[in-house]
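Each residue of the sequence shown is one higher than the one before, starting from 869 at the first, in this note's numbering. By construction, the Cβ of each residue, glycine as well, lies at the ideal position given by its N, Cα and C atoms. What follows is a short report on a single structure.
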Amino acid sequence: RAASRLSVVAAMSDDPIKEWILTEGKATQITGTSSIGGGCINAAQRYDTDAGSFFVKTNRRIGPAMFEGEALGLKAMYDTKSIRVPLPYKVGSLPTGGSFIIMEFIQFGRSRGDQSALGRKLAEMHKSAKSDKGYGFYVENTIGSTPQINTWTADWIEFYSKHRLGYQLKLISQRFGDSAIYEKGT
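Below is the structure:
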């Protein structure tokens, strides 16, 4: 099971990210850090070292469960060898609250590339990751900070309507107190 392959580190020092990079990350020095923009849920940074670069995301409010789900999902995608995703290395807690994930840094260009090739690779990934359990995943994860339900179901239509669209409609209904859209969508 994928969950047993990922360990969560306790915050043993004032900076568990640097501690991991300089020990298990095999670096002897961090030569620079830079912020990477683009997200509103987490802060993202690139750590450059003499052992290569690392991509680090931190969240000062949410514990490690969000990043654990992300790491397990990335590792499952990585293992299909069909599409290039960063290999997750470590998930842990920050000493001042919140959590982090350290992963492989992948340098992307500015081009959007061949979108049809991306679509084919995504289809290949889903085919190679097919499970006897049906549609779902071993752990819940998130879309941003919103929980994403991954309970196994027998068919794709049930999974998508119940756990993707249905769950989002339920959240809208709960937040705004109007069940009409939920009832129409389910």
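Residue 1028 burial status per 10 Å Cβ neighbour count (16 or more: buried): Taking the sequence shown and counting its residues from 1, the one referred to as residue 1028 is at position 160. So residue 1028 counts as exposed.
Close Cβ partners of residue 897 (< 7 angstroms) along its chain, the five nearest in sequence each way excluded: What you label residue 897 is simply residue 29 of the sequence shown in a count that begins at 1. Only 917 and 918 meet the Cβ criterion.
Where the beta strand (DSSP E) through residue 916 begins and ends: Here residue 916 is taken as the residue at index 48 of the sequence shown, counted from 1. Start and end: 911-917.
Among 1026, 1022, 1053 and 1020, nearest to residue 1036 - alpha-carbon criterion: By one-based count along the sequence shown, residue 1036 stands at place 168. Answer by Cα proximity: 1053.
Alpha-carbon spacing of residue 921 relative to residue 894, whole angstroms: Residue 921 sits at position 53 when you count from the first residue of the sequence shown. Residue 894 sits at position 26 when you count from the first residue of the sequence shown. About 11 angstroms.
Inter-residue Cα distance where the pair is residue 965 and residue 926: To locate residue 965, count along the sequence shown from 1; it is residue 97. To locate residue 926, count along the sequence shown from 1; it is residue 58. The alpha-carbon atoms of residue 965 and residue 926 are separated by roughly 10 angstroms.
Cα-Cα separation between residue 874 and residue 1031, rounded to whole angstroms: Against the sequence shown, residue 874 aligns to sequence position 6. Against the sequence shown, residue 1031 aligns to sequence position 163. Only weak support is given to the placement of residue 874: the predicted model assigns it a pLDDT of 49, under 50, and the value that follows is read from those uncertain coordinates. Residue 874 and residue 1031: Cα-Cα distance of roughly 25 angstroms.
Residues of its chain near residue 892, where Cβ-Cβ distance is below 8 angstroms and the 5 sequence neighbours each way are ignored: Position 24 of the sequence shown, counted from the first residue, corresponds to residue 892. Around residue 892: 957 and 958.
Exposed unless 16 or more other CB atoms sit within 10 angstroms - verdict on residue 888: Taking the first residue of the sequence shown as 1, we reach residue 888 at position 20. It is buried - the Cβ of residue 888 has at least 16 other Cβ atoms within 10 Å.
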